[in-house]
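Numbering (our numbering), first residue to last: 1000 to 1454.
Dropping the structure here:
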């Protein structure tokens, strides 16, 4: 290098300085973590490391998954699109493989591909559900299998040491399998909780009501997924019917797994600080979807109830105001444009999310008025399943059998009273129906069972 002309040396070091100014990007994308299974929202849950990280940054109180089912949610995060747009609508990922894997027509559109183009070293470890990460734009990665994520986090110390030595910004997509079933926490984590003292949700039921809003299978199926799944600590059933003591023991195991994950994340952050990469890193924590812990009598996810579609989320790092909470509506699709903006890349026209940079600077800044979600259920096809439109105060749900539900969250946060036919809510209903219809048309969905009102 000493033999290079001075002008070339100047250009080299300028480009190196510009690269180092870009923040490292880390997304922790947990699996099946309901929005209130974290200490800062629920003091019963022991998550001291996550609480400290959240306190150092901004908590998003109203974050929602684009789809409350694993593969569809992850494909949405990677493409910036809703499920019916990228066609990976349920658990199967074949449409994603066809379009977004190497050689696919849209392979260059994945989040990893665009960040690599922006000068980032990209890596993904943990649960992919979309295949090996190197197949859809990541420079390195692996879909690690053990449900306790020990193998995933064991790779992190080496990863951060290598990235520190490389002097190049990196994007890490870390996707723990926890707290997805099976639940087998060690005794030290179980001992943090006393089952009999754990509070059950106010909308707890032993079994769900036979209404389409609670359907977790295909349209007209009376199917409650995981009801016979017992590969858990103490053979705890993962679905109804579950009485109160059984549900409290299930909560103990679920929270214990969350506490184990919290410990692993705390250790990872320490490794980042040790490697010297923490100070220039933006970290965003979010889950792929929520989880029913006996609410409405359900297990698993897939519905448009809050417990299924509302997820925990916070961000911390350079440019994010610390010690703040935001009530701004957020979609998991917002990860795509936000990370691209942080990387200095342009937001593509197809991106359906909104950059959260304005909210990072001011928690009162709203980037959208309404948030949407969809889910076809297990084995479903485009056009089937549930849809949701929420403005943060009111939520409209359209089920797979064209039943409509409207909930007033200011009076009924547990979603127990359907006010769809209450004349006091006629204007709210009309507005949300119109917004839902416009959105359904935008994503190529089926026609709604109500007219599309002009804006």
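We treat Cβ as the ideally placed atom computed from N, Cα and C, and that holds for glycine.
Let me know the secondary structure DSSP gives residue 1023 once reduced to three states. Residue 1023 falls in the strand class under three-state DSSP.
Quick one: residues in its chain with C-beta nearer than 7 Å to the C-beta of residue 1019, no 5 flanking neighbours on either side, listed in chain order? Because the pLDDT of residue 1019 is 48, which lies under 50, any placement of that residue in the model is unreliable, and the number read from its coordinates should be weighed accordingly. Contacts found: 1166.
Counting only the same chain and skipping the five closest in sequence on each side, list residues whose C-beta sits under 7 Å from that of residue 1251. Apart from sequence neighbours up to five positions away, the residues of its chain that approach residue 1251 with a beta-carbon distance below 7 Å are 1189, 1192, 1194, 1197, ordered along the chain.
Which whole-angstrom value describes the C-beta separation of residue 1288 and residue 1307, a residue pair presumed to lie in contact below a C-beta threshold of 8 Å? Confirmed, Cβ separation roughly 6 Å.
Beta-carbon spacing of residue 1111, residue 1170 below 9 Å: Their beta carbons are under 9 Å apart, which means residue 1111 touches residue 1170 by this criterion.
With distance defined between alpha-carbon atoms, name the residue in 1177, 1330, 1234 nearest to residue 1152. Of 1177, 1330, 1234, the residue nearest in Cα terms is 1177.
Note down the Cα distance separating residue 1281 from residue 1086, rounded to an integer number of angstroms. Straight-line Cα distance between these residues: approximately 30 Å.
What does a CB cutoff of less than 8 Å around residue 1318 pick up in its chain, not counting 5 residues either side in sequence? Excluding sequence neighbours, residue 1318 sits near 1022, 1281, 1341, 1356, 1359, 1360.
If you follow the alpha helix (DSSP H) that residue 1306 is in, where does it begin and where does it stop? Per DSSP, residue 1306 belongs to the alpha helix (DSSP H) from 1305 to 1308.
Check residue 1439 in the structure and name its three-state DSSP category. Helix at residue 1439.
Expressed to the nearest angstrom, what Euclidean distance is found between the alpha-carbon atoms of residue 1026 and residue 1172? Using only the alpha carbons, I get a separation of about 5 Å.
Would you call residue 1100 buried or exposed, if buried means 16 or more other Cβ atoms sit within 10 Å of its Cβ? Residue 1100 is buried by the Cβ-count criterion.
Roughly how many angstroms lie between the CA atoms of residue 1208 and residue 1400, to the nearest whole one? Cα to Cα, the separation comes out at about 16 Å.
Do residue 1295 and residue 1033 have their C-beta atoms closer together than 9 Å? At the C-beta level, residue 1295 and residue 1033 stay beyond 9 Å of one another.
Quick check on DSSP: helix, strand or coil for residue 1255? If DSSP states are grouped into helix, strand and coil, residue 1255 belongs with the helices.
Does the pairing of the stretch 1122 to 1137 with the stretch 1410 to 1427 give three or more beta-carbon distances under 8 Å? Three or more beta-carbon pairs separated by less than 8 Å are not found between the stretch 1122 to 1137 and the stretch 1410 to 1427, which leaves the two stretches without contact.
For residue 1391, which residues from the same chain have a beta carbon less than 6 Å from its beta carbon, with the 5 sequence-adjacent residues on both sides left out? Same-chain partners within the cutoff: 1061, 1328.
State yes or no: is the C-beta of residue 1334 within less than 9 Å of the C-beta of residue 1106? One thing to note: residue 1334 has its Cβ no nearer than 9 Å to the Cβ of residue 1106.
Answer with buried or exposed for residue 1017, where buried requires no fewer than 16 other C-beta atoms within 10 angstroms of its C-beta. At residue 1017, the pLDDT of 42 sits below 50, so the modelled position is not reliable; the number obtained from the coordinates is stated separately. Residue environment for residue 1017: exposed (fewer than 16 other C-beta atoms within 10 angstroms of its C-beta).
Could you tell me the distance, in whole angstroms, from the CA atom of residue 1199 to the CA atom of residue 1439? Straight-line measurement puts the Cα of residue 1439 at about 35 Å from the Cα of residue 1199.
For residue 1279 and residue 1386, I'd like the C-alpha separation in whole angstroms. Computed Cα separation, rounded: 39 Å.
Pull the bridge partners of residue 1407 from the DSSP assignment, please. Residue pairing by DSSP puts residue 1407 in a beta bridge opposite 1393.
Which first and last residues belong to the alpha helix (DSSP H) in which residue 1473 is found? Absent from the structure is residue 1473, since the part of the chain shown begins at 1000 and ends at 1454.
Name the two residues that bound the continuous alpha helix (DSSP H) containing residue 1057. Note, residue 1057: premise wrong, no alpha helix (DSSP H); beta strand (DSSP E) at 1057 to 1063.
For residue 1045, three-class secondary structure by DSSP: Reduced to three states, the DSSP call for residue 1045 is coil.
Reference residue 1160, options 1275, 1187, 1108, 1186, closest by Cα: Taking residue 1160 as reference, the option from 1275, 1187, 1108, 1186 with the minimal CA-CA separation is 1275.
Quick test of your reading: residue 1374 and residue 1066, contact by CB under 8 Å. State the CB separation rounded to the nearest angstrom. About 5 Å; that satisfies the 8 Å criterion.
Under a Cβ-count criterion, where at least 16 other Cβ atoms within 10 Å of its own Cβ denotes burial, should residue 1443 be classed as buried or exposed? Here residue 1443 is exposed, its C-beta having fewer than 16 other C-beta atoms within 10 Å.
For the beta strand (DSSP E) holding residue 1120, just list the boundary residues, first then last. Note, residue 1120: beta strand (DSSP E), 1120 to 1125.
Residue of 1136, 1379, 1429 minimising C-alpha distance to residue 1071: Here the closest residue by C-alpha is 1379.
Between which two residues does the alpha helix (DSSP H) holding residue 1164 run? Per DSSP, residue 1164 belongs to the alpha helix (DSSP H) from 1155 to 1165.
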